[in-house]
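Below is one structure, written out as structure tokens, with a few remarks after it.
Number of protein chains: 2
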Amino acid sequence: MNFPSKLIENAVEELAKLPGIGRKTALRLALHLLKTETEQTVGMADALLKMRTLITYCKTCHNISDSETCSICGNPGRDHSLVCVVSDIRDVMAIENTSQFKGVYHVLGGVISPIEGIGPSDLTINSLLERIPNSEIKEVILALSPTIEGDTTSFYITRKLKDFNLKITSIARGVPVGGELEYIDEITLGRSIVERSNYGRS
Amino acid sequence: MNFPSKLIENAVEELAKLPGIGRKTALRLALHLLKTETEQTVGMADALLKMRTLITYCKTCHNISDSETCSICGNPGRDHSLVCVVSDIRDVMAIENTSQFKGVYHVLGGVISPIEGIGPSDLTINSLLERIPNSEIKEVILALSPTIEGDTTSFYITRKLKDFNLKITSIARGVPVGGELEYIDEITLGRSIVERSNYGRS
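Quick note, the sequences are listed as chains A and B, same order. The opening residue of the first sequence carries number 1 in full-length UniProt numbering; numbering runs sequentially from there. The opening residue of the second sequence carries number 1 in full-length UniProt numbering; numbering runs sequentially from there.
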């Protein structure tokens with residue numbers, strides 16, 4: 001691309017570093033910012049800089065936080081005996097949005113993936129193991145995606161946790177609510193039959 | 001969405017103001033920035049701020065420029081008797097990338113669109129009319145998209161230019177190079193027959 005201005009070229013190149021944003025989209029975004037008030041660009045730049053430089057991670061669960069202990073870990077109303085292990089901060093947000101979970105979390109920061117070069121030491125698994133002794137944790141819920149990487153990670157954590165006197169559970173796999181049976185894949189459908197629950201159980 | 005941090009919430013809300021970026025994508029971008037070096041966020045914020053505050057528009061052709069006169073208008077090697085009228089800065093870049101045009105440009109800043117409330121006075125049509133007297137312009141090429149809005153704008157400009165002693169042309173409409181005839185729409189195919197050229201003409 002031949003840019004008419006070095007300033008716009010730099011902006012496009014920086015925007016194109018974001019995931020899923022190519023140079024054409026980056027140019028569209030840059031031209032959009034040029035058409036809007038200067039305040040919008042200033043506001044965005046400021047919010048991004050503040051987020052990147054001021055944000056911290058909870059030292060207990062590794063969730064994003066504005067302080068040393070996140071609002072979930074610091075909340076005495078939550079059940080601190082129940083820890084839900086998730087891959088990502090987005091999973092915490094998704095589970096929080098359901099309002100169905102009153103325990104606390106442990107954010108791994110990813111899943112074990114040899115292809116992407118992510119091993120157990122790149123995740124916060126050791127921090128989870130250190131967190132369990134001298135704590136009130138009684139149950140660990142593994143809430144990882146039902147993929148090969150997620151299952152591998154669940155298996156690895158389960159083995160690491162076997163010496164602790166803990167209940168280890170996994171989120172239910174089955175037919176999604178509102179899902180049409182004929183479009184569900186065979187593995188999920190098969191598993192939903194094997195792991196059937198009593199009718200009427202909430 | 002329940003955000004674990006006000007800082008990330010602000011960043012997501014600012015990113016979600018960009019066109020084509022919803023809150024889920026904005027969150028993905030924000031979390032990506034958190035995983036990368038601080039320098040990347042600083043570099044992006046800086047490039048966007050510099051672009052928004054320092055960029056100017058060429059006073060002759062209204063193209064984006066780092067100075068009062070853009071690099072195309074200021075280039076004595078270009079043919080200043082030939083003006084290509086385009087809707088957008090992206091069109092200038094697209095035509096420049098072909099290396100087929102050695103004239104200069106006039107960027108309208110859009111096309112006439114009653115539905116979007118864009119009239120002739122919102123575009124740089126008057127600036128084009130003021131540019132023609134006392135200039136060496138001999139030909140105006142209308143290079144607008146073959147849409148209803150583009151055709152309306154071309155028609156409007158043609159009428160405004162009829163008192164000047166100018167050649168007014170339009171970019172060729174026809175079958176795109178590499179296009180399969182059977183998939184071309186009937187209007188384009190019909191027009192490509194009516195406006196056929198001698199075989200072997202480059």
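Think of the CB as a built atom: it goes at the ideal place given N, C-alpha and C, for glycine as much as any other residue. All of these numbers come straight from a predicted model, not from anything done at the bench.
Between the CA atoms of residue j and residue i - distance to the nearest angstrom
| i | j | result |
| --- | --- | --- |
| Leu-15 (chain B) | Lys-167 (chain B) | 46 Å |
| Leu-39 (chain B) | Arg-173 (chain A) | Before going on, a small fix: residue 39 (chain B) reads as Glu here, not Leu. Glu-39 (chain B) and Arg-173 (chain A): Cα-Cα distance of roughly 41 Å. |
| Pro-4 (chain B) | Ala-94 (chain A) | 11 Å |
| Gly-191 (chain A) | Asp-46 (chain A) | Looking at the sequence shown, residue 191 (chain A) is not Gly but Arg. Straight-line Cα distance between these residues: approximately 48 Å. |
| Tyr-183 (chain A) | Lys-6 (chain B) | 40 Å |
| Arg-159 (chain B) | Leu-189 (chain B) | 27 Å |
| Lys-24 (chain B) | Ala-11 (chain A) | 23 Å |
| Glu-180 (chain A) | Glu-136 (chain A) | 41 Å |
| Arg-90 (chain B) | Lys-102 (chain B) | 17 Å |
| Leu-123 (chain A) | Val-107 (chain A) | 9 Å |
| Thr-36 (chain B) | Leu-48 (chain B) | 18 Å |
| Thr-147 (chain B) | Tyr-105 (chain B) | 20 Å |
| Glu-116 (chain B) | Lys-17 (chain B) | 19 Å |
Residue i at chain A interface by Cβ criterion, 8 Å
| i | result |
| --- | --- |
| Val-92 (chain B) | yes |
| Arg-28 (chain B) | yes |
| Glu-96 (chain B) | yes |
| Ser-202 (chain B) | Since pLDDT at Ser-202 (chain B) reaches only 49, below the 50 mark, its modelled position is unreliable, and the value read off the structure follows with that caveat. Answer no: the Cβ-Cβ gap between Ser-202 (chain B) and chain A never drops below 8 Å. |
| Asn-10 (chain B) | yes |
| Ile-184 (chain B) | no |
| Leu-49 (chain B) | yes |
Beta-carbon contacts of residue i that lie in its chain and below 8 Å, excluding the five residues immediately before and after
| i | result |
| --- | --- |
| Ile-21 (chain A) | Leu-15 and Leu-29 |
| Ile-55 (chain B) | Ile-64, Ser-65 and Asp-66 |
| Ser-145 (chain B) | Ser-87 and Val-111 |
is_contact[residue i, chain B] using C-beta, thresh 8 Å
| i | result |
| --- | --- |
| Thr-69 (chain A) | no |
| Lys-138 (chain A) | no |
| Asp-122 (chain A) | no |
| Lys-17 (chain A) | yes |
| Gln-100 (chain A) | no |
| Lys-6 (chain A) | yes |
| Ser-65 (chain A) | yes |
| His-32 (chain A) | yes |
| residue 203 (chain A) | The requested residue 203 (chain A) does not occur in the structure, where chain A is confined to residues 1 to 202. |
Nearest-angstrom Cβ-Cβ length linking residue i and residue j, presumed shorter than 8 Å
| i | j | result |
| --- | --- | --- |
| Tyr-156 (chain A) | Pro-114 (chain A) | About 12 Å separates the two Cβ atoms, so there is no contact after all. |
| Asn-97 (chain A) | Asn-2 (chain B) | 6 Å |
| Cys-70 (chain A) | Cys-58 (chain A) | 4 Å |
| Arg-52 (chain A) | Leu-33 (chain B) | 6 Å |
Close beta carbons around residue i, own chain, < 6 Å, minus the five adjacent residues each side
| i | result |
| --- | --- |
| Ala-143 (chain B) | Cys-84, Val-86 and Ile-171 |
| Gln-100 (chain A) | none |
| Glu-9 (chain B) | Phe-3 |
Residues near residue i by beta carbon distance below 7 Å, same chain, minus five either side
| i | result |
| --- | --- |
| Gly-149 (chain B) | The sequence shown places Glu at residue 149 (chain B), rather than the Gly named in the question. Cβ within range, chain order: Val-111, Ile-112 and Ser-113. |
query = For the region 110-194 of chain A, which segments carrying the alpha helix (DSSP H) assignment without a break, of at least 4 residues, lie completely within its bounds, in sequence order?
reply = Listed in chain order, the complete alpha helix (DSSP H) runs (minimum 4 residues) inside the region 110-194 of chain A are 125-131, 148-161 and 186-194.
ask   = Going along the chain, which unbroken runs of the alpha helix (DSSP H) with 4 or more residues stay wholly within the region 5-93 of chain A?
value = The region 5-93 of chain A contains these whole alpha helix (DSSP H) runs: 6-15, 23-35 and 38-54.
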